[in-house]
Amino acid sequence: MPEIPEELLRRSAEAKAKALGLPVEQILAEMRGEAPATAVPAESVDVPRPAFVPSPPPPSVPEIPPEPQPPDPASAPPPVTTVVESPPAAEEPAPVAEEPAPAAPEVPENGAGNGRLAATVSVRPSVPPAGVPEGVRHQRLLTVVKARAIQQVKADPTDKVNTWPHLMIAEFTALLAMTAFLLVLSTILQAPLLEAANFNATPNPSKAPWYFLGLQEMLSYFDPQIAGVTVPTVIGIVGFMMIPYIDRNPSTRPSDRKLAIMLFTIFLAGSATLTILGVLFRGPGFNFAYPWVDGVFFDDLKDWVDFGGH
Amino acid sequence: MSARNGIHGLLTKARTHATDMVGRMWSGQFMDSMLRPGSPFKKGYTDTPRNRSYVIMNNVLYHLHPVKVKRHGVKLSYTLCLGGLSFFLFILLTVTGIFLMFYYAPTAERAYIDVQALSTDIAFGSLMRNMHRWGAHLMVLTVFLHMSRVFYHGAYKPPREFNWVVGVILLLLTLLLSFTGYLLPWDQLALWAVTVGTNMAGFVPVIGAQVKFALLGGVEVTAGTLLRWYVLHVLFLPFIIVIFLAVHFWRVRKDGGISGPL
Ligand code: HEM
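So this is what it looks like as structure tokens:
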């Protein structure tokens, strides 16, 4: 049974004591299991009646459908339960949750209770019991819901740390390092600016920005329909978006994903090779050139690497 | 009373006034109203678990970060901070880009001269232009590397499939931002790189010619293309990418934070 906070126990004992007209201390002792349960006069007992049962009259107590409770009374969720003597008409005493549960106890998913939690404990007198003052609220069973949240919250215990300072310090350091790096780079490396645009002077070679040079490189091997379209748009964009839906292997362990890792590595190595070829090894007419013989034809780095050709 | 004493007294007085004012600002209503409870910049901040939570929870940062993160996600060796650096580069590019916009007109007559003047006439113009240009190249690189790191971790697997899709769109937008910016200096490099690049788009079957026409605003690069790409570069694409970034970061959190260790 879960620990019940002292003040909740006390409050519920007071309510029960008030209802039964017994001393609070006695009820409290019972609840703590320090005293035997008092035999409660039958007429003062609340008869449970779930809200979805059309109000049966008091004598029909035995016909009331069983409480939405686990069959094993020991695992009944409400922490405060009293086994009640049945009214004379009853043939079988049923274990009944009498008090409103002070705190809804956790019902383990796989344990007793079939993953269900009663929204409230059903306690409603069919006849106002003696000694219950006017205005004392009783709770009714509204519904039985699955013990599951709206959002899927995996409650696996994880090792967590405060974002501040642990993550933010790392981020701030990375941010400063990047700023410093970019400042230094921009101080020593001048961005290229060639002659003004001239529609009549086509430079030779004409190269795309470096991130498209792999594609341009492929254009010199394959039919443009393939290299210019099929590969970048179909495989590149659509194919990449579909990766999570194609790769159904749930494991993230590298040893389980040899094929995926191999394919992606081939893709990376391929694009790197094609890009480097396009950047460094293509000269006039986009023909093959050795950078150390013919020079580098890559104007983005014009002021950085200049092998003298060009 | 010697002159020395006088100066000394004056300095002491000035210092007292200054500390007084700073102190009043720091602990006064203005600071109090600006900094939310738990801010480490607030007077009397103490390093308690409660305040550590407040630093995130009570601040605008809560849009980006949860109060707690998995310990292994903090390790620089897991994400290599590549996503974060991509985003930071985007911010740097926005800042430097706004500076460049002050001095640049997207017309065939002025564009080239304006870019040239950045290096010669304008304080920090050269630095800003260089940072913008190298930063753009760097961002393409970091986004690509970020994608690779996500792939190798298998971090695109459920429930993160859709964030991978959002990521591919972000990569595409990053490339488009970079490519549209490439034309703006209006020099030979810009003109012909864009000509080559858009020629490739022309190879798309069936709609190739239309795509190329829409990109260029004509059949070849013209002054109209310059204006078109400028608007795309400084307005449309940044707007779109910010929306997708918001979705991307939102999903990182809603999908349960950074994926687990291998
Ligand atoms: C403008 C570009 C992008 C920015 C600014 C960005 C930013 C981020 C950030 C800050 C994270 C948190 C974890 C980390 O830093 O690694 C993240 C995670 C993620 N990103 Fe991106 N990203 C971008 C592009 C991409 C691309 C191109 C892809 C894939 C095609 C992608 C897929 C993902 C996925 C699946 C996660 C979750 C990873 C995990 O849980 O370990 N993102 N992104």
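Chains A and B, in that order, give the protein sequences.
Be aware that the first sequence starts at 1, since it is given in the numbering used here, and climbs by one per residue.
Be aware that the second sequence starts at 1001, since it is given in the numbering used here, and climbs by one per residue.
Glycine included, every Cβ here is placed at the ideal spot set by N, Cα and C.
| Asked | Found |
| --- | --- |
| Give every residue of the same chain whose Cβ lies closer than 6 Å to the Cβ of E30 (chain A), excluding the five residues on either side of it in the sequence, and list them in chain order. | A37 |
| In chain B, which residues lie less than 7 Å from V161 (chain A) when you measure between Cβ atoms? | K1068, V1069, R1071, V1074 |
| Under the DSSP definition of a beta bridge, which residues are partnered with K160 (chain A)? | B:K1070 |
| Report the CB separation of Y1182 (chain B) from V1166 (chain B) in whole angstroms; it is logged as a contact under 8 Å. | Contact doesn't hold; Cβ gap of about 25 Å is too wide. |
| Where does the unbroken alpha helix (DSSP H) through A174 (chain A) begin, and where does it stop? | 168-188 |
| Taking I1169 (chain B) as the reference, which of B:K1212, B:L1100, B:V1242, B:V1206 has the closest Cα? | B:V1242 |
| Between K160 (chain A) and K1068 (chain B), how many whole angstroms is the CB-CB distance? I'm expecting something under 8 Å. | 4 Å |
| Just tell me which of B:S1086, B:L1010, B:N1051 has its CA closest to the CA of P1037 (chain B). | B:N1051 |
| Name the two residues that bound the continuous alpha helix (DSSP H) containing G1208 (chain B). | 1208-1216 |
| Less than 8 Å between C-beta atoms, sequence neighbours within five positions excluded: which residues of the same chain meet that for V1234 (chain B)? | G1097, M1101 |
| Would you identify the three-state DSSP class for D1263 (chain B), choosing helix, strand or coil? | Coverage of chain B is limited to positions 1001 through 1262, which leaves residue 1263 (chain B) absent and any answer about it impossible. |
| Using a threshold of 8 Å, state whether the C-beta atoms of A1111 (chain B) and L1216 (chain B) are closer than that. | no |
| Under 8 Å between C-beta atoms, does S86 (chain A) make it to chain B? | No answer about S86 (chain A) holds up, because its pLDDT of 40 lies below 50 and its placement is not dependable. |
| Using a Cβ cut-off of 9 Å, pull out every chain B residue sitting near E217 (chain A), in sequence order please. | Result: empty, since nearest Cβ-Cβ is about 11 Å, beyond 9 Å. |
| Run through chain A and tell me which residues come within less than 9 Å of F1099 (chain B), C-beta to C-beta. | Result: empty, since nearest Cβ-Cβ is about 13 Å, beyond 9 Å. |
| Based on the DSSP output, what are the partners of G196 (chain A) in its beta bridges? | Note that residue 196 (chain A) corresponds to Ala in the displayed sequence, not to Gly. DSSP, once it has assigned bridges, lists B:D1187 as partnering A196 (chain A). |
| Closer than 7 Å by beta-carbon distance: list the chain E residues that pair up with S1148 (chain B), in chain order. | Of the protein chains in this structure, namely A and B, none is chain E. |
| Should V1317 (chain B) be listed as close to ligand 1, given that the test is whether its C-beta is under 7 Å from any heavy atom? | This structure cannot speak to residue 1317 (chain B), because chain B is shown only from 1001 to 1262. |
| Going along chain A, which residues have a C-beta under 7 Å from V1165 (chain B)? | M241 |
| Closest Cβ-Cβ distance between Q1116 (chain B) and chain A: below 8 Å? | yes |
| So, do the segment 1133-1151 of chain B and the segment 1082-1090 of chain B have three or more beta carbon pairs nearer to each other than 8 Å? | yes |
| Quick check on the DSSP output: the alpha helix (DSSP H) that includes T230 (chain A) runs from which residue to which? | From DSSP, T230 (chain A) is part of no alpha helix (DSSP H); its letter is neither H nor E. |
| Give the secondary structure of F288 (chain A) by DSSP, where H, G and I count as helix, E and B as strand, and everything else as coil. | strand |
| So that I know if they touch, is there some Cβ in chain B lying closer than 8 Å to that of L142 (chain A)? | no |
| Taking only three categories from DSSP, how would you classify R1133 (chain B)? | helix |
| Using C-beta distances below 6 Å, list every residue in its chain close to H1017 (chain B), excluding the 5 sequence neighbours before and after it, in chain order. | none |
| List the endpoints of the continuous alpha helix (DSSP H) containing K18 (chain A). | 6-20 |
| For G371 (chain A) versus P203 (chain A), is the C-beta spacing smaller than 8 Å? | Examination of residue 371 (chain A) is not possible in this model, given that chain A is present from 1 through 310 alone. |
| I need the straight-line Cα distance from A1108 (chain B) to R1160 (chain B), nearest angstrom please. | 45 Å |
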